[in-house]
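Top to bottom, those sequences are chains F and V.
For the record, in the first sequence the residue sitting at position 6 is 5 according to numbering that gives the first Met the number 0, with numbers rising by one throughout.
For the record, in the second sequence the residue sitting at position 67 is 66 according to numbering that gives the first Met the number 0, with numbers rising by one throughout.
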Amino acid sequence: MAKMTLEELKKLRETKKRELEKREITGKDIEIIVGMATCGIAAGAKQTLSAFLNELEAQNLSNVLVRQTGCMGYCYAEPTVEIRMPGMPDIIYGKVDPETAVKIVRRHILGKVLINDHILDKPAADIMKK
Amino acid sequence: MHYCIGDYIQDIVENAIEAGSTYTTVEVQEKDGYLTVQVNDTGKGMSPEEIAKALDPYGTNGSKHPNRKVGLGLPFLAQCVEALEGEFRIHSEPGKGTSVCFRLPLTHIDAPPIGNLAETFRQILTYPGTHEIRIQRTRGKDSYTLLRSELWEALGDLESVGSQALLKEYLESQENALVPEGVPQ
Chain F
0 MAKMTLEELK KLRETKKREL EKREITGKDI EIIVGMATCG IAAGAKQTLS
50 AFLNELEAQN LSNVLVRQTG CMGYCYAEPT VEIRMPGMPD IIYGKVDPET
100 AVKIVRRHIL GKVLINDHIL DKPAADIMKK
Chain V
0 MHYCIGDYIQ DIVENAIEAG STYTTVEVQE KDGYLTVQVN DTGKGMSPEE
50 IAKALDPYGT NGSKHPNRKV GLGLPFLAQC VEALEGEFRI HSEPGKGTSV
100 CFRLPLTHID APPIGNLAET FRQILTYPGT HEIRIQRTRG KDSYTLLRSE
150 LWEALGDLES VGSQALLKEY LESQENALVP EGVPQ
């Protein structure tokens with residue numbers, strides 16, 4: 000391990016702070032919910048989550064909340080990701096690999112265009128109370 | 000109970016902070032198979048009678064642990080040093096501060112392990128308060144210095160879980176970068 004300098008320690012703190020801010024819920028109107036149950040993790044949900052965090056950082060989006068959840072019941076289509084944002088229908092995407100995660104940020108969140116190849120379902124309306 | 004040398008170091012520094020030291024220096028040097036530790040503080044200091052009491056296992060002023068009849072920190076250290084034929088010195092002046100120094104042969108069969116010094120330093124540096132601590136760690140020709148105020152400034156605080164995790168990472172990187180003794184540089 001290379002010897003860390005105080006400057007590097009400061010930078011690391013800032014990076015971690017920004018990562019934590021992504022989990023902060025106040026002042027956020029867009030939600031990315033990643034299914035992180037065993038089925039999701041086995042299918043690569045950790046890499047998908049990292050891809051979302053990296054792309055949000057790259058696009059400098061501060062109004063997006065990234066959350067983890069359990070199994071959504073679509074184990075055959077993991078990793079699954081639900082997106083909720085104003086002006087767009089709530090959507091669950093399936094088979095979201097890191098590449099698709101980048102597409103979701105760029106096209107769905109920024110461009111407000113659905114990614115048809117990965118649309119799986121919409122959240123069950125009967126249990127989703129606002 | 001003291002399992003490793005790091006525990007002794009932590010004990011001495013804790014004593015210093017509890018004695019009101021505002022500036023404590025800790026030097027830990029590994030050289031030629033010996034470990035030398037020197038802790039200087041600016042606490043309230045001790046009279047010769049108080050030093051004798053501090054070195055007596057059954058001597059305690061009752062302030063730190065009111066229901067305890069023993070004070071084993073320094074007596075254990077003195078006993079360990081004696082068993083290893085090392086050196087132990089304590090010098091103190093009331094109102095000025097205390098200085099504790101010990102030297103141990105690391106190759107002695109009964110020498111305790113040094114322990115995880117990065118973790119020892121993390122615990123020393125995160126004692127609550129506004130006091131300053133300067134740690135100088137040397138192994139052979141390699142060394143690094145830690146200043147509590149600098150780390151506080153870099154991390155914003157030293158008490159949150161996040162800061163402590165980063166501090167641990169930083170201290171481990173410092174400790175792991177030290178070249179082991181006997182390895183050509």
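Don't be surprised by glycine CBs; every beta carbon is placed ideally from N, CA and C.
Return the chain-ordered list of same chain residues with a C-beta closer than 8 Å to the C-beta of residue i, the five sequence neighbours on each side being excluded.
{"i": "F/LYS111", "result": "GLY86 and MET87"}
Which one or two residues does DSSP pair with residue i in a beta bridge?
{"i": "V/THR137", "result": "V/GLN28 and V/SER142"}
{"i": "V/LEU154", "result": "The partner list for V/LEU154 (beta bridge, DSSP) is empty, contrary to what the question assumes."}
{"i": "V/HIS90", "result": "V/SER98"}
{"i": "F/ILE82", "result": "F/ILE31 and F/ILE90"}
{"i": "F/ILE118", "result": "F/TYR92"}
{"i": "F/THR14", "result": "Looking at the DSSP assignment, F/THR14 forms no beta bridge with any residue, so it has no partner."}
{"i": "F/GLN67", "result": "F/VAL33"}
{"i": "V/ILE108", "result": "Paired residue(s): none; V/ILE108 is not in a bridge."}
{"i": "V/GLU131", "result": "V/TYR22"}
Have a look at the options and flag the residue whose alpha-carbon is nearest the alpha-carbon of residue i.
{"i": "F/GLY39", "options": "F/LYS2, F/PRO97 and F/LYS10", "result": "F/PRO97"}
{"i": "V/ILE113", "options": "V/LEU124, V/LEU154 and V/LEU34", "result": "V/LEU34"}
{"i": "V/PRO74", "options": "V/PHE87, V/GLY85 and V/ASP55", "result": "V/ASP55"}
{"i": "F/VAL65", "options": "F/ALA76, F/LYS45 and F/ASP116", "result": "F/LYS45"}
{"i": "V/THR24", "options": "V/LEU105, V/VAL160, V/GLU171 and V/ILE123", "result": "V/ILE123"}
{"i": "F/SER61", "options": "F/MET71, F/THR37, F/GLU30 and F/ALA50", "result": "F/GLU30"}
{"i": "F/TYR73", "options": "F/ARG17, F/ILE103, F/LYS94 and F/ARG106", "result": "F/LYS94"}
{"i": "V/ILE89", "options": "V/ALA153, V/SER142 and V/THR97", "result": "V/THR97"}
{"i": "V/ILE8", "options": "V/SER20, V/CYS100 and V/SER91", "result": "V/CYS100"}
{"i": "V/ASP31", "options": "V/PRO104, V/THR41, V/GLU86 and V/GLY85", "result": "V/PRO104"}
Can you list, in chain order, the residues of its chain whose CB lies under 6 Å from that of residue i, leaving out five sequence neighbours each side?
{"i": "V/GLN184", "result": "Low local confidence applies: a pLDDT of 46 at V/GLN184 is under 50, so the model's placement there is unreliable, with the coordinate-based value given in what follows. Result list for V/GLN184: VAL178, in chain order."}
{"i": "V/PRO93", "result": "GLY44 and SER46"}
{"i": "V/ARG133", "result": "THR24 and LEU146"}
{"i": "V/LYS167", "result": "ARG121"}
{"i": "V/GLU17", "result": "none"}
DSSP on residue i, reduced to helix/strand/coil?
{"i": "F/ILE32", "result": "strand"}
{"i": "V/VAL178", "result": "coil"}
{"i": "F/ASN53", "result": "helix"}
{"i": "V/THR125", "result": "coil"}
{"i": "F/TYR155", "result": "Any answer about residue 155 of chain F is impossible in this case: the structure gives chain F only from 0 up to 129."}
{"i": "V/ASN14", "result": "helix"}
{"i": "V/TYR169", "result": "helix"}
{"i": "V/VAL38", "result": "strand"}
{"i": "V/LEU83", "result": "coil"}
{"i": "V/TYR2", "result": "coil"}
{"i": "V/TYR33", "result": "strand"}
{"i": "V/LEU76", "result": "helix"}
{"i": "F/LEU5", "result": "helix"}
Once the 5 residues before and after residue i are set aside, which same chain residues still bring their CB inside 7 Å of it?
{"i": "V/LEU165", "result": "LEU154"}
Taking only beta carbons into account, state which residues of the region 26-39 of chain V come closer than 7 Å to chain F, listed in chain order.
none
Return the residues of the region 90-115 of chain F that lie within a Cβ-Cβ distance of less than 9 Å from chain V, sorted by chain order.
Taken residue by residue, none of the region 90-115 of chain F has a beta-carbon sitting less than 9 Å from a beta-carbon on chain V.
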